Amino acid sequence: MKKNVNVKGKEYWRSLDQLAETPEFQEFLHREFPENASEMISPVSRRKFLTLMGASIAFAGLAGCRRPVEKIVPYVIAPENVVPGIPKHYATTMPFGLDSYGLVVENHEGRPTKIEGNKKHPSSLGSSNAFIQSEMLNLYDPDRSQSVRLKGVEKEWTEFVAFWREIYPALLETRGEGLAVISGAFSSPSLYRLFEKFNREFPKADWSVYEPVSDENIYSGIRIASGKTVRPVYHFDKAKVILSLDADFLLMENESIKANKGFAAGRRVESEKDNMNRLYVAESVFTVTGGMADHRLRLESSMIPAFTAAVAEELSRLGLPIDLPFPDIKDTHRKFDRKWINALAKDLLKNDQQSLVVAGRRQPAIVHSIVYAINHAMGNAGNTVTYNELKDSVIPSLESFKRVADKVNTGEIDTLILLGGNPVFDAPSDFDFKSLLKKVNHSVHLSMHVDETSEMTEWHIPQAHFLESWGDARAADGSRSVIQPMIEPLFGGHTMIELLNVIISGEDRRGYDIVRETWQNIFSATEYEKKWRGLLHNGVADADAGKEIDPGLNSSSLHTTVKKFKFNQSGASINDLEVVFMASPAVYDGRYANNGWMQEMPDPVTKITWDNAALISPKTADELGVKTQDLVRLTYKDRDMIIPVSVLPGQADYSITLPVGYGRRSVGRIGNGTGFDVYRIRTSDALNFDQGARITGTGETYLLANSQDHNSMEGRPLVREASLDHYRQYPDFAPEMVKSPPLKSLWEDRVYDEGYQWGMTIDLNTCSGCNACVIACQSENNIPIVGKEQVSKGREMHWIRLDRYFAGDIDDPEMVYQPVACQHCENAPCEQVCPVQATVHDDEGLNVMTYNRCIGTRYCSNNCPYKVRRFNFFNYTKDLGEIIKMAQNPDVTVRSRGVMEKCTFCIQRISGAKNNAKLEEREVLDGEIETACQQSCPADAIVFGNINDPESAVSKMKKQNRNYTMLGELNVKTRTTFLAKLRNPNPELKDYKININ
Amino acid sequence: MAQIFPKWTNKLPLYIIIGVMFGGMATVGFIWYYGSPKYTDVGYRPEQPVEYSHKLHAGDLGMDCRYCHTSVEFSEEAIIPPTQTCMNCHTLIRTESEKLLPVRESWATGDPIQWVRVHNLPDFAYFRHSAHIKAGVGCESCHGNVAAMEVVEQKESLSMSWCIDCHRNPEPFIRPPDDITKMNWKPPTNQLEFARKVIDEKKIKPPVDCSGCHR
């Protein structure tokens, strides 16, 4: 075997500050805890401090005499099957617009504490994402609306029902004249049944569907090309070559979990003999999908349509029978790199029926039409992408929303029902929705918070969280699942189903009865009860997925539309900047704004917490003369706003990305005033992107709490990466990247060869950096949030973080991720410096942390090479409300001020599984213990298990030749190892530098 | 020549003696208090809302512990029984008893009886009843002879060193499965031999690492 010659590898850098070697970065490097990190937040003088301390010692003496009396409150009548101390798991479903994710929720004595994916559900496949994980906190949000309101005055639900019964007969008589409904998109048998009933009862009423982050273009595009409204379902696992056009399918597009799983399956290699897929990405903003790309093209979003047409033309030139008119775009496409497009087209053609082209929801319908035609011509349709009948669904339609808005304006609407949504905040700003609401006689708004819209409507109805609701949903592939409540509505909320039923019939019925009625038409009468119970158990109904259909191609409609479309020829420039509106990976469209976990979650790419910022490329920033944290004035059309700038390498030049959903005015204590409201410059003619923006500096700066530079690791080969070719040539490149003298311990090493020995591997080749593990860990391990100010001091508490490194050219870098939690070193440096033995090893090889011994010297953290230890500078959980406390996992100690904490490998799960095995008189099975991060990972990149068992999945992973230890030369003998990352560049484009102009 | 030691140092020995005396007294007091049952709560015997007698039920009537503490064998908690369990019998027996008034009230109103916890471990220590029962540790080993108590009281210190003592040397406390709930159990003469056999068979390895109980 040849030896690896390229031992140095790529040079990685973490941020622009590091490249520039600024004093701020140097400071971060050299101080484990940044300046002031250990000082108290409010200036307390030494004298005051001593006074306080003296007093508290005196009181401690008094209070310490007697432990507090604790009560045990048993049931009066014990519910069947509930045993205190043994959690119950129930299946349910999380609806998310047209999507739905099957879940299994852990309940402790009737209190849901942890959400996990349901393996039986086609859209979650046992995994989850950060949004799903964070719903646990949404359920217990104390800022949720607690009562029905009539013009701001608290009322009862029955009073609302009485009100509706008063106006109901008149509405029924006029067949719904003057009645309009605005809802979000949904896909649910029960809701759709009610929707149809509504249309029957009120044929003259108007129902419109609005989503601020909408998939409408996808459906319109396919309708143009095929004449049918069908739902595309992608099978990334079957695709060998993938082209993504402004689509962040691994994180922000719909069905991201399934996409992540499929993509990882196609990318996973076990040895150098395996093949892996290849990903081409053309996008404006750097996304996690772009980070996984083998070839990435930076391109303004507004140039993507022309680029798509250019690809189609190249494919056609190379012999693909694709019949499209290309005349108008000849000029433009000279601007694109012909060699790149040629190589891409050849690669796609070589893998016909096994390639896949996807376009993002941001892109106009025309792009989706062309993509449809390409997939159709290549034979991908039916293989890597299938089309499902769209049943029980209403899809978003801006046109319907505009129609209702116009009708309100002209006074045609008397009663307006808003089923969820928050249009006062997120509707296109040219609608001026706030003043529209003043023009209707009656308005009713269903929402979780008394939000911007609720404040303006006549009635506000508190909405029940989905974990408190009865309902149902249809997944992307058409299979039906049930939403069942884990807990009674905490704040007396009502579901959309219940409200809609009142609207239609004037009757106040329980959601349970309505849903059961729907399913009476689905299951046969004789087997109804049995099947219903089966549904509640599995969460998913028997395989009754929607039919796969071949929608065919409607060339003439496609022809006319493409011909009519004016492809952007010029692209953006410094005087004609592009704005791109993007759903935020943290708050989505604003609905997660009051969720502390999501606010504090570092953005996957920028690593900014608690804020949004205008993302621009380094070149654009240079030309504009602005830098990160500068507050700028962004002028677009006749609107302008102030927003801080964040310079993001890899961003398309002259394109500004604006994450929406921040700057909420009325949602709660976390979300109010956090970030900057971008919706105010978003108009209905350019919901996704447009050119014509200008940026001018204001001379002011704004602090962005960025976790980027914290805990840096100084450019050693921490992430190891090679091309597939290099790997095939040098299969052992990863472990050989670092040469060290023979490793010898100063003392005799403890031998761990008995019983269970826990270990973990993380496959960097499949990890996309999606953040699911970060929030899953936070939920499982009672990790507090600390707030923007504390994060800016480097005190965030996440036990697992995603280190994101850039490599290569500053304008067009590659991006890699490395999830880092405690590595559980056998020869742990932290243990050697702890003066009180608060961190020690157990005989299963875990580095354990004993909170009640810790005196908070922080020596361990200073000595940790991986910087994974977190210190409680304050008692972050002290002021948690009673409601939020319910989200805490009872199996994990809640830490107090002054103690160190870190990843435990989910020791509570290990302990639980070991105990169950003991009770059943067997050994713990491989795969029985899943750590929270592993469980949530949609890419299955994390594997945990017993490394003492050579047959366990983790042992087998560790035997792969890509396996390496981060900083192994320190001889710390980590239990967590990584599998090196691979890229699979097209040999034709090897070391090819893309020419964008 | 100037004096090396200033004048106040004449009193230094006195200060030292007083200091040592106070220090010594503080140390003695410290150990006296923190080592005493007053700190460890041995003998803690709070008044309960219902004058329930374990002596009568478990002792004289000979009811098994598990009639009420149903989940002790398979859950980490042994549970305090629901009011329903009391009413299984007391709808027929002593239906007029004064002592049972709170139970009947609870049954009628649906408000639970609030018992006072006697054996209270700190929140950072996780104890599993099921694991101990499975291993063969008798109830009596930790709770004392409950069947002889009119009012339940804490018999053992429940301190960490007390736990660890047994975890390091479990042999004297391991019983045959049938004897687990027996009170006044006397180990047989071949206890050591028996215990070692059980430990081998069941692969009992009481954890002595922090992670055994703290997470």
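Taken in order, these protein sequences are the chains called P and F.
Mind the numbering: the first sequence is residues 13 to 1009 in our numbering, read in order.
Mind the numbering: the second sequence is residues 1379 to 1593 in our numbering, read in order.
Beta carbons: idealized from backbone N, C-alpha and C, even for Gly.
Values in this document were obtained by computation on a predicted structure and should not be read as measured data.
Opposing strand residues paired with residue i [DSSP bridges]
i, result
"Thr1567(F)", "Note: Thr1567(F) sits in no beta bridge, so no partner."
"Gln741(P)", "In the DSSP output, where bridge partners are listed per residue, Gln741(P) has none listed."
"Gly675(P)", "None, per the DSSP bridge assignment."
"Glu325(P)", "Partner(s): none; Glu325(P) has no beta bridge."
"Gly129(P)", "Leu115(P)"
"Leu255(P)", "Tyr292(P), Val369(P)"
"Asn718(P)", "Ile620(P)"
"Ala705(P)", "Leu589(P), Tyr648(P)"
"Pro474(P)", "Ser459(P)"
Chain F within 8 Å of residue i, Cβ atoms only
i, result
"Ile896(P)", "no"
"Ile69(P)", "Below a pLDDT of 50, predicted positions are generally treated as unreliable, and Ile69(P), at 46, falls in that range; the measurement from the model is reported next regardless. No, no contact with chain F."
"Met725(P)", "Because the pLDDT of Met725(P) is 49, which lies under 50, any placement of that residue in the model is unreliable, and the question is left without a value."
"Thr905(P)", "yes"
"Leu814(P)", "no"
"Gly97(P)", "yes"
"Glu843(P)", "no"
"Tyr871(P)", "no"
"Thr125(P)", "no"
"Gln790(P)", "no"
"Leu858(P)", "yes"
"Ile941(P)", "no"
"Thr686(P)", "no"
Chain-ordered neighbours of residue i on chain A, where CB pairs are closer than 7 Å
i, result
"Thr1461(F)", "Among the protein chains in the structure shown, which are P and F, there is no chain A."
Closest by C-alpha distance to residue i, when choosing among the options
i, options, result
"Gly518(P)", "Ser678(P), Gly122(P), Pro181(P)", "Pro181(P)"
"Leu428(P)", "Ser256(P), Lys756(P), Glu189(P)", "Glu189(P)"
"Lys993(P)", "His454(P), Thr186(P), Ile144(P), Asp306(P)", "Asp306(P)"
"Glu760(P)", "Glu981(P), Glu838(P), Ala850(P)", "Glu838(P)"
"Thr773(P)", "Val763(P), His810(P), His738(P), Asn975(P)", "Asn975(P)"
"Val85(P)", "Val1524(F), Leu1478(F), Ile1491(F), Gly1402(F)", "Ile1491(F)"
"Lys756(P)", "Ala633(P), Val984(P), Arg813(P), Lys914(P)", "Val984(P)"
"Gln802(P)", "Thr621(P), Phe214(P), Ser964(P), Lys451(P)", "Thr621(P)"
"Ala1456(F)", "Gly1407(F), Arg1482(F), His1507(F)", "His1507(F)"
"Ala276(P)", "Thr905(P), Leu402(P), Trp352(P), Cys779(P)", "Cys779(P)"
"Tyr152(P)", "Leu1001(P), Cys842(P), Glu894(P)", "Glu894(P)"
"Met148(P)", "Gln366(P), Glu480(P), Glu208(P)", "Glu480(P)"
"Glu541(P)", "Arg528(P), Pro440(P), Asn550(P)", "Arg528(P)"
Other residues of its chain near residue i: CB distance less than 7 Å, five sequence neighbours each side excluded
i, result
"Thr713(P)", "Gln641, Asp642, Leu643"
"Pro1424(F)", "Val1494, Val1496"
"Ala389(P)", "Leu332, Pro333, Ile334"
"Gly768(P)", "The amino acid at residue 768(P) is misidentified as Gly; the sequence shows Tyr. Excluding residues within five positions, the ones whose Cβ falls inside 7 Å are Glu856, Val936, Asn958, Asn960."
Own chain residues within Cβ distance below 6 Å of residue i, not counting five before or after
i, result
"Ser3(P)", "No answer is possible for residue 3(P): it lies beyond the span of chain P, which begins at 13 and ends at 1009."
"Val848(P)", "Arg865, Ile867"
"Arg995(P)", "Asp306, Ser735"
"Asp775(P)", "Ala953, Leu991"
"Thr284(P)", "One point to set straight first is that residue 284(P) is Glu, not Thr, in the sequence displayed. So the qualifying residues of the chain are Tyr739, Arg740, Pro743."
Short CB-CB distance (under 8 Å) between residue i and chain P
i, result
"Cys1588(F)", "yes"
"His1592(F)", "yes"
"Ile1458(F)", "yes"
"Trp1410(F)", "no"
"Phe1400(F)", "no"
"Val1530(F)", "no"
"Arg1546(F)", "no"
"Lys1533(F)", "no"
Contacting residues, own chain, Cβ-Cβ under 8 Å from residue i (five flanking each side not counted)
i, result
"Ser1484(F)", "Thr1461, Pro1490, Ile1491"
"Asp652(P)", "Arg645, Leu646, Ile693"
### Query
What are the start and end residues of each continuous alpha helix (DSSP H) run of 4 or more residues lying completely inside the region 890-958 of chain P, in chain order?
894-897, 919-931, 944-948
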